[in-house]
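Asker: Can you keep this structure in mind? I'll have questions shortly.
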Amino acid sequence: MALRSLFLSIVGLSAVAVALQGCTPDDAPGTLTLSADFTLGGDSVLVGRTALDANGDRLRLETFALYLGGIELLTDTGAVRLSDAERWDAGNPNNWTYDVRPGVYEGFRVHLGVPAEFNTDTDPTIWPNDHPLGVSGSAGLFWSWNTGYIFSKFDGKADTTGGNDFTHPYAYHIGGDANLIEVRLDDPWVVNPCSRHGFSLAGDILDFLSGGDDPIDVAIDNVTHTGDNPALAARYVQGQRNTVTLTRTP
168 MALRSLFLSI
178 VGLSAVAVAL
188 QGCTPDDAPG
198 TLTLSADFTL
208 GGDSVLVGRT
218 ALDANGDRLR
228 LETFALYLGG
238 IELLTDTGAV
248 RLSDAERWDA
258 GNPNNWTYDV
268 RPGVYEGFRV
278 HLGVPAEFNT
288 DTDPTIWPND
298 HPLGVSGSAG
308 LFWSWNTGYI
318 FSKFDGKADT
328 TGGNDFTHPY
338 AYHIGGDANL
348 IEVRLDDPWV
358 VNPCSRHGFS
368 LAGDILDFLS
378 GGDDPIDVAI
388 DNVTHTGDNP
398 ALAARYVQGQ
408 RNTVTLTRTP
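Per this note's numbering, the sequence shown starts with residue 168, numbered consecutively.
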């Protein structure tokens, strides 16, 4: 009787272990989690948070949102797309998980923005409403007058007096196919069945202002909607390109 009870206990524990594992090795996919680990002056990106920029002005954040598009595994013959587009807003969940077919991959890439095939002369109604590119999903990040998506939006008020007077507006709204930024990691890696992998896309959003060859002073150059001030948009995009990184995580 005691041996039978012991046997049943072992079987029960084995069943629990299998259930907890939750993955059958034969032909099962691995998983990849992408996280958007952006900061504001070294702190988390939250609406209402303030931080000093490189010029000593204090910026208060009112909006930060961006698209991560064309999320792809790189292979020796091309690319495997995991997602056409994801959207991240300040304070929202910042990671996305995808199933990945086991195999050898040459790298991984993400774009800051929306791929050209979905951006120009597009209609958000072709997507499910809550898709990141759909009517509801793209709310606040679509230019109906400019037939395209806003790739990145960074808005708020700044104090340029050295005090606590947040009355100076700033707004950097970036779009246009020419401003799509590829961020890639060329590093071969292997996906085994049931294995887990992570990648972190990171950068401090204040560095988007100061990271280019011609740093942006919010007291002077404080507004661009891309088309109305393309030169300022280009400076901002260069700051993004120079400072955003993509790394593998344990």
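Where is the CB? At the ideal position from N, CA and C, for every residue including glycine.
(1) Use the C-beta contact count for residue 224: other C-beta atoms within 10 angstroms, 16 or more gives buried, fewer gives exposed.
(2) On the DSSP letters alone, give me the boundaries of the alpha helix (DSSP H) that residue 374 sits inside.
(3) Flag this pair as yes or no: are the beta carbons of residue 214 and residue 226 separated by less than 8 angstroms?
(4) Extract the residue ranges of the alpha helix (DSSP H) inside the segment 224–299, only unbroken runs of 4 or more that lie entirely within it.
(5) Less than 6 angstroms between C-beta atoms, sequence neighbours within five positions excluded: which residues of the same chain meet that for residue 179?
(6) Under three-state DSSP, which class holds residue 415?
(7) Within this structure, are the beta carbons of residue 406 and residue 379 separated by less than 8 angstroms?
(8) Less than 8 angstroms between C-beta atoms, sequence neighbours within five positions excluded: which residues of the same chain meet that for residue 175?
(9) Which one of 414, 376 and 254 has the shortest CA to CA distance from residue 222?
(10) Rank 232, 219 and 194 by C-alpha distance to the C-alpha of residue 319 and give the top, closest one.
(11) Could you have a look at residue 360 and say whether DSSP puts it in helix, strand or coil?
(12) Using the DSSP secondary-structure output, state which residues sit across from residue 211 in a beta bridge.
(13) Given that a residue counts as buried once 16 or more other Cβ atoms are within 10 Å of its Cβ, and exposed if not, what is residue 349?
(14) For residue 249, which residues from the same chain have a beta carbon less than 6 angstroms from its beta carbon, with the 5 sequence-adjacent residues on both sides left out?
(15) Quick one: any contact between the segment 391–398 and the segment 357–364, if contact means 3 or more CB pairs under 8 angstroms?
(16) Looking only at its chain, what residues have a beta carbon closer than 6 angstroms to the beta carbon of residue 335, apart from the 5 residues adjacent to it on each side?
(17) Which term fits residue 252, buried or exposed, when burial requires 16 or more other beta carbons within 10 angstroms of its beta carbon?
(18) Can you give me the C-alpha to C-alpha distance between residue 371 and residue 261, rounded to a whole angstrom?
(19) For residue 295 and residue 332, what's the separation of their Cα atoms in angstroms?
(20) With burial defined as no fewer than 16 other Cβ atoms inside 10 Å of the residue's Cβ, what is the status of residue 387: buried or exposed?
(21) If you follow the beta strand (DSSP E) that residue 219 is in, where does it begin and where does it stop?
(22) Between the alpha carbons of residue 272 and residue 197, how many angstroms are there, rounded?
(23) Hey, how far is the Cα of residue 353 from the Cα of residue 274?
Answerer: So, to answer that:
(1) In the sequence shown, counting from the first residue as 1, residue 224 sits at position 57. It is buried - the Cβ of residue 224 has at least 16 other Cβ atoms within 10 Å.
(2) Within the sequence shown, numbered from 1, the residue matching residue 374 stands at position 207. That run of the alpha helix (DSSP H) goes 374–377.
(3) By 1-based counting over the sequence shown, the position of residue 214 is 47. By 1-based counting over the sequence shown, the position of residue 226 is 59. Result no, Cβ atoms of residue 214 and residue 226 do not sit closer than 8 angstroms.
(4) 283–286
(5) Looking up residue 179 in the sequence shown gives position 12. Residue placement at residue 179 is flagged as unreliable, the pLDDT there being 40, under the threshold of 50; the coordinate-derived value follows with that caveat. Counting only Cβ-Cβ distances below 6 angstroms, and skipping sequence neighbours, we find nothing.
(6) Along the sequence shown, one-based indexing puts residue 415 at 248. In the structure shown, residue 415 sits in a strand (DSSP, three-state: E or B).
(7) Against the sequence shown, residue 406 aligns to sequence position 239. Against the sequence shown, residue 379 aligns to sequence position 212. Yes, these two residues count as a Cβ contact at 8 angstroms.
(8) Start at 1 with the first residue of the sequence shown, and residue 175 comes out as number 8. Residue confidence for residue 175 is low, a pLDDT of 34 falling below 50, so the modelled location carries little weight and cannot support an answer.
(9) Indexing the sequence shown from 1 puts residue 222 at position 55. Ranking the options by Cα distance to residue 222, first place goes to 376.
(10) As a first step, residue 319 must be located in the sequence shown, where it is residue number 152. Checked all of 232, 219 and 194; the closest Cα to residue 319 is 232.
(11) Sequence index remark: in the sequence shown, residue 360 carries index 193 (1-based). Looking at residue 360 - three-state DSSP - the assignment turns out to be coil, as it is neither helix nor strand.
(12) The residue you call residue 211 lines up with position 44 of the sequence shown. Answer by DSSP bridge pairing, in chain order: 206.
(13) Counted from its first residue, the sequence shown places residue 349 at position 182. Residue 349 is exposed by the Cβ-count criterion.
(14) The residue labelled residue 249 in the question sits at position 82 within the sequence shown. Contacts found: 238 and 265.
(15) no
(16) In the sequence shown, residue 335 corresponds to position 168, counting from 1. Here the set comprises 325 and 327.
(17) Counted from its first residue, the sequence shown places residue 252 at position 85. Answer is buried; the Cβ neighbour count reaches 16.
(18) Working through the sequence shown from its first residue, we reach residue 371 at position 204. Working through the sequence shown from its first residue, we reach residue 261 at position 94. Roughly 15 angstroms separates the two Cα atoms.
(19) Looking up residue 295 in the sequence shown gives position 128. Looking up residue 332 in the sequence shown gives position 165. Their backbone Cα atoms lie some 42 angstroms apart in a straight line.
(20) The residue given as residue 387 occupies position 220 in the sequence shown. Result: exposed.
(21) Within the sequence shown, numbered from 1, the residue matching residue 219 stands at position 52. Taken as a continuous stretch (DSSP letters only), the beta strand (DSSP E) holding residue 219 covers 217–219.
(22) Here residue 272 is taken as the residue at index 105 of the sequence shown, counted from 1. Here residue 197 is taken as the residue at index 30 of the sequence shown, counted from 1. Going by the C-alpha atoms only, they are around 12 angstroms apart.
(23) Taking the first residue of the sequence shown as 1, we reach residue 353 at position 186. Taking the first residue of the sequence shown as 1, we reach residue 274 at position 107. Near 4 angstroms, if we compare the C-alpha coordinates of residue 274 and residue 353.
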